[in-house]
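One structure is given below, encoded as structure tokens.
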Amino acid sequence: MSFTCYVPLMHFSFKISLFTLASAALLLTACLREESVNVNQDSIFTEYRLVYEAAKDKTYARATFRFGGATGTLLQLSDPAEVLIDQEPLTWKPALAYYERESAGPQATGTFTYTDLDNNTFTNTVTLAAPIAFPADLDTIPQGAAFTLTWEGDPIQLGEWVTVTINGINEGDAKIFTT
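Once you know that position 140 of the sequence shown is 159 in the numbering used here, the rest is easy, because the numbers rise by one and skip nothing.
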């Protein structure tokens, strides 16, 4: 399976502008959070993920809460609301506005349990998609040209996606691509 991504040639002044825009977006996002006590508990949208990073041999269980649908305002749960993965609590990550718990190795499934402020409990099981890997000889991606990134493993299925983050040697020119 593969997809083509275009890595544009960047100039220093563009990087500064991109950094400025990204910083402003992060600050704006930080301002658009709300405590769950301030919203109707029946209007909270949840998103649960299991993310495995082979390079670190870790699985990250992540839960995001929003008010107003999938793209709505990010929520931080107010006490005593809670979210668990396999009966273990997730930790609030304020910079990214989600809850997370990491575990060693690949975790094939995880059961998220969310209890809201009205004491309603919701249980959802998430299954980790089959892992993919990049060819062992992949060490350079040309800048300023189209590049087809091929992975080893099953094709993605409906509702699945692959996110690739490329960060060059300057460590300030990251690009994110999603299938």
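Glycine included, C-beta positions come from ideal geometry on N, C-alpha and C.
Close beta carbons around residue i, own chain, < 8 Å, minus the five adjacent residues each side
{"i": "Gly87", "result": "Ser62, Phe64"}
{"i": "Thr48", "result": "Unreliable placement is indicated for Thr48, whose pLDDT of 48 sits below 50; no coordinate value is reported for it."}
6 Å Cβ shell around residue i - same chain, five flanking residues per side excluded
{"i": "Thr197", "result": "Trp180, Thr182"}
{"i": "Tyr118", "result": "Ala82, Val102, Leu109, Trp111"}
{"i": "Ile151", "result": "Trp170, Gly172"}
{"i": "Gly187", "result": "none"}
{"i": "Arg68", "result": "Arg81"}
{"i": "Val145", "result": "Tyr67, Leu69, Gly129"}
Check: residue i C-beta below 7 Å from any heavy atom of the ligand SAM
{"i": "Ala193", "result": "The ligand SAM is not part of the structure shown, which contains no ligands of any sort."}
Cut-off 7 Å between Cβ atoms - residues of its own chain near residue i, not counting five sequence neighbours on either side
{"i": "Val56", "result": "Ser97, Leu136"}
{"i": "Thr184", "result": "Ala193, Ile195"}
{"i": "Asn141", "result": "Sequence check: residue 141 is Phe here, not Asn. Taken in chain order, the residues that qualify are Tyr133."}
Span of the beta strand (DSSP E), counted from its first residue to its last, around residue i
{"i": "Lys194", "result": "194-197"}
{"i": "Phe131", "result": "128-134"}
{"i": "Trp170", "result": "Careful: Trp170 lies outside any beta strand (DSSP E) and carries neither H nor E."}
{"i": "Leu69", "result": "63-72"}
{"i": "Lys112", "result": "110-112"}
Residue i - DSSP class collapsed to helix/strand/coil
{"i": "Asn186", "result": "coil"}
{"i": "Gln162", "result": "coil"}
{"i": "Val58", "result": "coil"}
{"i": "Glu179", "result": "coil"}
{"i": "Ala155", "result": "coil"}
{"i": "Ser199", "result": "The question about residue 199 has no answer here: the residues shown for the chain are numbered 20 through 198."}
{"i": "Ala89", "result": "coil"}
{"i": "Pro150", "result": "coil"}
{"i": "Ala80", "result": "strand"}
(Q) Taking 8 Å as the cut-off, does the stretch 116-126 touch the stretch 71-81 (at least 3 CB pairs, one atom from each stretch)? (A) Segments in contact, yes.
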